[in-house]
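Since the structure comes first, as structure tokens, the remarks are kept for the end.
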Amino acid sequence: MDVLGDVLELARVDASLMATFDARAPWAIELPARQGATFHAVVAGTCWFSVGDAPARQLTPGDLVLLPAGARHQLASDPGLPTRRFDEDLKRSLIRPNGELVLDGPGVRTRILCAGYHYAAAVHPLLGLLPPVLHVATAQPASGPWLRSVLDLLAHETRSGAATGSGTAAVRLLDLLLIHVVRAWLDTEGDTINPSWLRGLRDPLTAQVLAVLHERPGHDWTLDTLAATVNVSRATLVRRFTRHVGEPPLTYLTRWRLDVAARTLRDTTLPVATIAHRMGYTSEFAFNRAFARLHGQPPGRYRRHAVTNG
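In the working numbering, the protein residues as written are 24 to 333.
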């Protein structure tokens, strides 16, 4: 079971290409905070990137930055330049008929792909676990070549004169790029995050347990049957899983079941009793109580609210 993909499917992230930014030095812009995540990939030239009071870092071709919470940030041809606020007025003044945003100047050219990721949840179960900035380079030996391949395809699809369907292709590639960026970051920096299911993916045993629970959430799991399935003792199972995920396996399973149930309530018309049974509950009453504890309202009301609010 693909746990990362499973979580992304549960709490959908919608990608959209915001701009292809083409600038010649000197230039400096400030991008305001936004709802959702922001993504930049340098495909030609270099630029300087900074967030808040943190020192500026130079980005070179193949560098990607992801801001999971859409923090306010700056991009510039050189550090220390006065910035222009990138608002709708500036965007309209820069955009060309082919959709590119262009800043003319006498200096070196930089080309950046800029995108956004939108999600409905107040705290996304994946993006909410990540640090304010992820900086990933395609020069990494392990994951870099795959990232570079996706980035090259994305650059091709967004280039002026691309074939019919390029917009759809770009959005699909942005979905794929998000997964590769998170994977690459996990490979190098994953131990820096707090215990969570995402950190658990770095531990082979914990990752195996997560995969089993995601594949069969409605199974009548006990610690004994789960430990036997992954061929470890109960003590080892609980110790390793809790260390990396921050809660015992069956506690995680309960929350995952109820999150899957919430998605099923939003996306289908299955009766509540059927959903309860599929999620391993023998009693609809027990399911209703557990669901209300986690989601703040019983399943029926949750479904009505989801339908009313689209």
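Ideal placement from N, C-alpha and C gives every residue a C-beta, glycine not left out.
| Query | Result |
| --- | --- |
| Beta-carbon proximity of V36 to W220, cut-off 8 Å | no |
| W169 versus S189, I202, P55 and P227, residue with shortest Cα-Cα distance | I202 |
| Paired residues, beta bridge with D86 - DSSP | A160 |
| C-alpha distance - T252 paired with V261, whole-angstrom precision | 14 Å |
| Environment of R289 [buried if 16+ CB atoms lie within 10 Å] | exposed |
| Residues of its chain near Y304, where Cβ-Cβ distance is below 6 Å and the 5 sequence neighbours each way are ignored | F310 |
| Under the three-state DSSP convention, the category G303 falls into | coil |
| Spatially closest choice to R222 from V205, L236 and E238, by CA coordinates | V205 |
| Beta-carbon gap between G68 and A160 smaller than 8 Å | no |
| G188 in three-state terms, based on DSSP | coil |
| Three-state secondary structure assigned by DSSP to I216 | coil |
| I298 versus D243: straight-line alpha-carbon distance, rounded | 15 Å |
| Three-state secondary structure (DSSP) of E123 | strand |
| Alpha helix (DSSP H) segment containing D37, residue limits | Taken as a continuous stretch (DSSP letters only), D37 belongs to no alpha helix (DSSP H), being part of the beta strand (DSSP E) at D37 to R47. |
| Secondary structure of V131, DSSP reduced to three states | coil |
| Identity of the residues DSSP links to V65 by a beta bridge | I135 |
| C-alpha distance - R182 paired with P91, whole-angstrom precision | 26 Å |
| Contact belief for L196 with L236 at Cβ below 8 Å, rounded distance in angstroms | Going by Cβ atoms, the distance from L196 to L236 rounds to 30 Å, so no, they are not a contact pair. |
| Limits of the beta strand (DSSP E) - the one that F72 falls within | C70 to S73 |
| Inter-residue Cα distance where the pair is T61 and V194 | 14 Å |
| Those residues which DSSP pairs with H141 across a bridge | D37 |
| Nearest-angstrom Cα separation, counted from P322 out to D127 | 55 Å |
| Own chain partners of A42 with C-beta closer than 6 Å, once the 5 adjacent residues on each side are dropped | L124 and C137 |
| Residue from T292, Y325, N332 and V88 whose Cα sits closest to the Cα of H63 | V88 |
| 8 Å Cβ shell around H318 - same chain, five flanking residues per side excluded | L281, A285 and Y325 |
| Beta-carbon proximity check, A16 vs D101, cutoff 8 Å | Because the chain in this structure spans residues 24 to 333, residue 16 falls outside the shown range and cannot be described. |
| H96 - containing beta strand (DSSP E), residue span | H96 to A99 |
| Touch test, the segment 266 to 274 against the segment 226 to 235, Cβ-Cβ under 8 Å, three pairs minimum | yes |
| Distance CB(G174)-CB(L200) smaller than 8 Å | For the record, residue 174 in the displayed sequence is Leu; it is not Gly. Cβ distance < 8 Å, so L174 and L200 count as in contact. |
| Which residues DSSP lists as bridging E53, in chain order | Q97 and R108 |
| Reference Q58, options P105, M302, T133 and Y142, closest by Cα | Y142 |
| C-beta atoms of D198 and A38 nearer than 8 Å | yes |
| Residue environment, T248, which counts as buried when at least 16 other CB atoms sit within 10 Å | exposed |
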